[in-house]
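*Asks:* Here the sequence shown stands for residues 1 to 174, numbered as in UniProt numbering.
A virtual CB, placed ideally from N, CA and C, is assigned to each residue, including glycine.
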Amino acid sequence: MARFTLMRNEEMKLKAQPHPLSFLHLYFVFLLLLVWGFVIHRFFSQDWFSQVPFYSFLIGISVINEVVAASIIWSLALLAIGFAARYLFLDNGGRDIFRLYGGLALFGIGVMVLHFWKIGEAEGDTMAFGTWFIPLLTLLVGGGGMVIVDQYRRSFTYYLTDIRIAMHQDFLGL
1 MARFTLMRNE EMKLKAQPHP LSFLHLYFVF LLLLVWGFVI HRFFSQDWFS
51 QVPFYSFLIG ISVINEVVAA SIIWSLALLA IGFAARYLFL DNGGRDIFRL
101 YGGLALFGIG VMVLHFWKIG EAEGDTMAFG TWFIPLLTLL VGGGGMVIVD
151 QYRRSFTYYL TDIRIAMHQD FLGL
């Protein structure tokens, strides 16, 4: 993308970047993931999942242990938040938010089931793997998203001149 150049007899008055609050809706999407990552860590460490409705039903299924049941509850909460975000942010990419949360949920459950299937309950490693993988995955996606949103916000530059207002965007050099 070409850099901003002044026209003949044009004088630069101000060069500005957007305020962080102008991208609050995007920061909020990833802040929810960070908060949910810390909450899910507490759920694993305090064994709060046993108080969630339908937990006993999930544990009764033969291929599901406590961590896989907890990751299913984790993913259902992600899907509920993503579904709500889809309708709250209809004009600001709500479908993309739902796809992000849904993809994260499907990826997390897929990795947990694959790990349970490959390693098996015989070694007992699924519990240890799930208690750090699910919260860490959520925190990494939330933190990485916050960094990407901040870089996206900083990629916008507004040039105010005596003749016009121009915007330049250079996100990741694209």
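Are the Cβ atoms of G143 and L34 separated by less than 8 Å?
*Replies:* In contact: G143 and L34 (Cβ atoms closer than 8 Å).
*Asks:* Helix, strand or coil, according to DSSP, for H19 in the structure here?
*Replies:* DSSP places H19 in coil when its eight states are reduced to three.
*Asks:* If you run the structure through DSSP and keep just helix, strand and coil, what is T131?
*Replies:* Helix.
*Asks:* Measuring CB to CB, does A80 end up less than 8 Å from F98?
*Replies:* Result no, Cβ atoms of A80 and F98 do not sit closer than 8 Å.
*Asks:* Since E66 and M127 should fall inside the 8 Å C-beta cutoff, what is the C-beta to C-beta distance between them, to a whole number of angstroms?
*Replies:* At roughly 7 Å, the Cβ-Cβ gap stays under 8 Å, so E66 and M127 are in contact.
*Asks:* At which residues does the alpha helix (DSSP H) containing I59 begin and terminate?
*Replies:* Its alpha helix (DSSP H) spans residues Y55 to G60.
*Asks:* Nearest by alpha-carbon distance to M32: which of H41, L139 and K15 is it?
*Replies:* A small correction: the amino acid at residue 32 is Leu; Met does not occupy that position in the sequence shown. Of the candidates H41, L139 and K15, the one whose C-alpha sits nearest the C-alpha of L32 is L139.
*Asks:* For residue 180, collect the residues of the same chain with a Cβ closer than 8 Å to its Cβ; drop the 5 residues on either side in sequence, then sort them by chain order.
*Replies:* With the chain running from 1 to 174 in the structure shown, residue 180 is simply not present.
*Asks:* If you count every other CB in all the chains shown that lies within 10 Å of the CB of Y101, and 16 or more means buried, which is it?
*Replies:* It counts as buried.
*Asks:* Curious, which full-length alpha helix (DSSP H) runs of at least 4 residues does the stretch 133 to 168 contain?
*Replies:* Runs found: none.
*Asks:* I need the straight-line Cα distance from G94 to K118, nearest angstrom please.
*Replies:* In a straight line, the C-alpha of G94 is about 36 Å away from that of K118.
*Asks:* Suppose you measure from the CA of G130 to the CA of L76; what does that come to, to the nearest Å?
*Replies:* So the two alpha carbons sit approximately 16 Å from each other.
*Asks:* Determine, using beta carbons only, whether F107 and A70 come nearer to each other than 8 Å.
*Replies:* Result no, Cβ atoms of F107 and A70 do not sit closer than 8 Å.
*Asks:* List the DSSP bridge partners of L14.
*Replies:* DSSP lists L160 as partners of L14.
*Asks:* Residues in its own chain within less than 6 Å of A16 by CB, not counting five upstream and five downstream?
*Replies:* Result list for A16: Y158, in chain order.
*Asks:* With distances taken Cα to Cα, identify the nearest neighbour of H25 among H41, M12 and D96.
*Replies:* Selected option, being the one with the closest Cα: D96.
*Asks:* When you compare the CB positions of I40 and P135, do they come within less than 8 Å of one another, or not?
*Replies:* In contact: I40 and P135 (Cβ atoms closer than 8 Å).
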